[in-house]
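Down below is the structure, laid out as structure tokens.
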Amino acid sequence: MKVATTGPARPLLVLPVAAALLALGMLLPGSTRGAEGGAPPASQATPPHGIAGDAHTHDPGLARTAGGWYVFSTGDPQVAGGTIQIRSSRDGHTWSSAGTVDTAIPAWVSQAVPGVTNLWAPDVSYHDGRWYLYYAASTFGSNRSVIGLFTNATLDPRDPRYAWTDEGLVTQSNVTDDYNAIDPSLFVDDDGSAWLTLGSYWSGIKLIPVDLPSGKPATAQPDRVALVDRHFGPNAVEAPYLVKHGGWYYLFASFDSCCQGANSTYREVVGRSRTIGGPYLDRAGVSMLAGGGSALLDGEGDMRGPGGASVSGGTIAFHYYDAARQGDFHLGLGRLEYRDGWPVVTDVRI
Numbered sequence: 001m002k003v004a005t006t007g008p009a010r011p012l013l014v015l016p017v018a019a020a021l022l023a024l025g026m027l028l029p030g031s032t033r034g035a036e037g038g039a040p041p042a043s044q045a046t047p048p049h050g051i052a053g054d055a056h057t058h059d060p061g062l063a064r065t066a067g068g069w070y071v072f073s074t075g076d077p078q079v080a081g082g083t084i085q086i087r088s089s090r091d092g093h094t095w096s097s098a099g100t101v102d103t104a105i106p107a108w109v110s111q112a113v114p115g116v117t118n119l120w121a122p123d124v125s126y127h128d129g130r131w132y133l134y135y136a137a138s139t140f141g142s143n144r145s146v147i148g149l150f151t152n153a154t155l156d157p158r159d160p161r162y163a164w165t166d167e168g169l170v171t172q173s174n175v176t177d178d179y180n181a182i183d184p185s186l187f188v189d190d191d192g193s194a195w196l197t198l199g200s201y202w203s204g205i206k207l208i209p210v211d212l213p214s215g216k217p218a219t220a221q222p223d224r225v226a227l228v229d230r231h232f233g234p235n236a237v238e239a240p241y242l243v244k245h246g247g248w249y250y251l252f253a254s255f256d257s258c259c260q261g262a263n264s265t266y267r268e269v270v271g272r273s274r275t276i277g278g279p280y281l282d283r284a285g286v287s288m289l290a291g292g293g294s295a296l297l298d299g300e301g302d303m304r305g306p307g308g309a310s311v312s313g314g315t316i317a318f319h320y321y322d323a324a325r326q327g328d329f330h331l332g333l334g335r336l337e338y339r340d341g342w343p344v345v346t347d348v349r350i
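For the record, in the sequence shown the residue sitting at position 289 is 289 according to full-length UniProt numbering, with numbers rising by one throughout.
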């Protein structure tokens, strides 16, 4: 889930629960989360449908494991009080509900962010024997926001070790700040250093250091490195995600507007850097701090506004809005490959 801007507010994501997706074709797993006044035009053919079952996910955080696939997504206020939702699959093709993380929003979150109704934009990754699940909590149009953390020894609910632990607050922003502490994503470098990307609108995307195994900053006010700024209102960028490949750091981000059904203009862009702190340049050499960002994934046919991406096991997960289904949101998957030093998304299935 993404929050609004310092400029015109966007509607809260409240869309009807969709029927199950049709199953046609197969996902190819890789090697080892509009035009004003009308829907944007369908410029290309709609990708093939290859995802079945319950794939009603927004801001998917993907985890591919030896025992199966898991997707964590923004909570629904009508389900378990709005906490993070879980869906699982044996093969990445057919998905079913696997419950929620905890049974309600943690009390400390509700105290820190009055009026919060659901948890947003989970990020999941495995480090040193523990799964780290970051999430955000905020309210429409505000940057009074928090990022929290759950941990678990396993993602398999059949395992006797399965239990989510609320690790509490990671970081936060307030109305006096010029950034918004939502859309967290953890990146652990080859040397073991750990970093959290975050941000939405306001002054753009930030990077902060965190310590492991706590998963939290060493100080209450960690240094924030600026990574992305579009420099024009309302600075529509959010959902950062870092990937490393071939000595390059690649920063994915979502540009433009989500949460508007078939009118959504979300799109995934990318820049790269030799150092984690940037600057991240696009294919034309323009810094993402100067509005740069090369196309990675855009709308095709009835697949509108793809974004909120995450990567696991060579597979990229994203949500999109289906123009053929009244603009409802669904899970999309593709293979993440690299060509001439740049990531490309192939074999998209929706």
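Idealized CB from N, CA, C, for every residue including glycine.
{"query": "Just reading off the alpha helix (DSSP H) that A220 is part of, what are its end residues?", "result": "That residue, A220, is in no alpha helix (DSSP H); it is neither H nor E in DSSP."}
{"query": "Would you kindly work out how many angstroms separate the C-alpha atoms of L207 and L289, rounded to a whole number?", "result": "13 angstroms"}
{"query": "Using beta-carbon positions only, say whether F255 and A236 come within less than 9 angstroms of one another.", "result": "yes"}
{"query": "With a CB to CB cut of under 6 angstroms and the five nearest residues on each side skipped, what residues in its chain are close to A137?", "result": "V109, V113, V116, L119, V146"}
{"query": "Just to confirm my understanding: we take D102, look at its own chain, exclude 5 residues before and 5 after, and list those with CB closer than 6 angstroms. What are they?", "result": "T83, W164"}
{"query": "For G61 and R90, which I take to be in contact (beta-carbon distance under 8 angstroms), what is that distance rounded to the nearest angstrom?", "result": "19 angstroms between Cβ atoms; not a contact."}
{"query": "At what residues does the alpha helix (DSSP H) containing W164 begin and finish?", "result": "Where W164 is concerned, there is no enclosing alpha helix (DSSP H), given that its DSSP letter is neither H nor E."}
{"query": "Please list the segments of the beta strand (DSSP E) lying wholly inside the stretch 71 to 99, counting only runs of 3 or more residues, in order along the chain.", "result": "85 to 89"}
{"query": "Bridge partners of H330, per DSSP?", "result": "Y320"}
{"query": "In angstroms with no decimal places, state the Cα-to-Cα distance between A121 and L336.", "result": "21 angstroms"}
{"query": "Could you check the C-alpha separation between L212 and T154 for me, to the nearest Å?", "result": "18 angstroms"}
{"query": "Quick check on this structure: which residue in S203, G314, Q260 has the alpha carbon closest to the alpha carbon of residue 354?", "result": "This structure cannot settle anything about residue 354, because the visible part of the chain is limited to 1 through 350."}
{"query": "Taking S125 as part of the beta strand (DSSP E), name the residues at either end of that continuous run.", "result": "120 to 127"}
{"query": "Measure how close the beta-carbons of D54 and S96 come, nearest whole angstrom, since I'm counting them as under 8 angstroms.", "result": "5 angstroms"}
{"query": "Excluding sequence positions up to five away, which residues of its chain have a Cβ less than 8 angstroms from the Cβ of Y338?", "result": "H245, G246, V344"}
{"query": "Under 8 angstroms: do the stretch 279 to 298 and the stretch 185 to 201 share three or more Cβ pairs, one atom per stretch?", "result": "no"}
{"query": "My assumption, with CB atoms under 8 angstroms, is that V269 sits in contact with S294. Please give the rounded CB distance.", "result": "6 angstroms"}
{"query": "Excluding the five sequence neighbours on either side, which residues of its own chain have a C-beta within less than 6 angstroms of the C-beta of P106, listed in chain order?", "result": "D166"}
{"query": "Using the three-state DSSP reduction, which class does S110 fall into: helix, strand or coil?", "result": "helix"}
{"query": "So for N263, helix, strand or coil by DSSP?", "result": "helix"}
{"query": "So, do the stretch 126 to 137 and the stretch 184 to 192 have three or more beta carbon pairs nearer to each other than 8 angstroms?", "result": "yes"}
{"query": "Just the Cα atoms here: how many angstroms apart are P16 and H56?", "result": "Only weak support exists for where P16 lies, its pLDDT of 28 falling under 50; the coordinates are left without a value."}
{"query": "Pick helix, strand or coil for A290, following the three-state DSSP scheme.", "result": "helix"}
{"query": "Would a C-beta distance cut-off of 9 angstroms place G271 and Y280 closer than the cut-off?", "result": "yes"}
{"query": "Return the CA-CA distance between residue 363 and G301, expressed in angstroms with no decimal places.", "result": "With the chain covering 1 to 350 only, the question about residue 363 has no answer from this structure."}
{"query": "Residues in the same chain with beta-carbon distance under 6 angstroms from P77, minus the five sequence neighbours each way, listed in chain order, please.", "result": "T117, N118"}
{"query": "Using CA atoms only, rank isn't needed, just tell me which of F72, G168, P48 is closest to D123.", "result": "F72"}
{"query": "Looking only at C-alpha atoms, which of G148, R161, N143, V228 sits nearest to Y135?", "result": "G148"}
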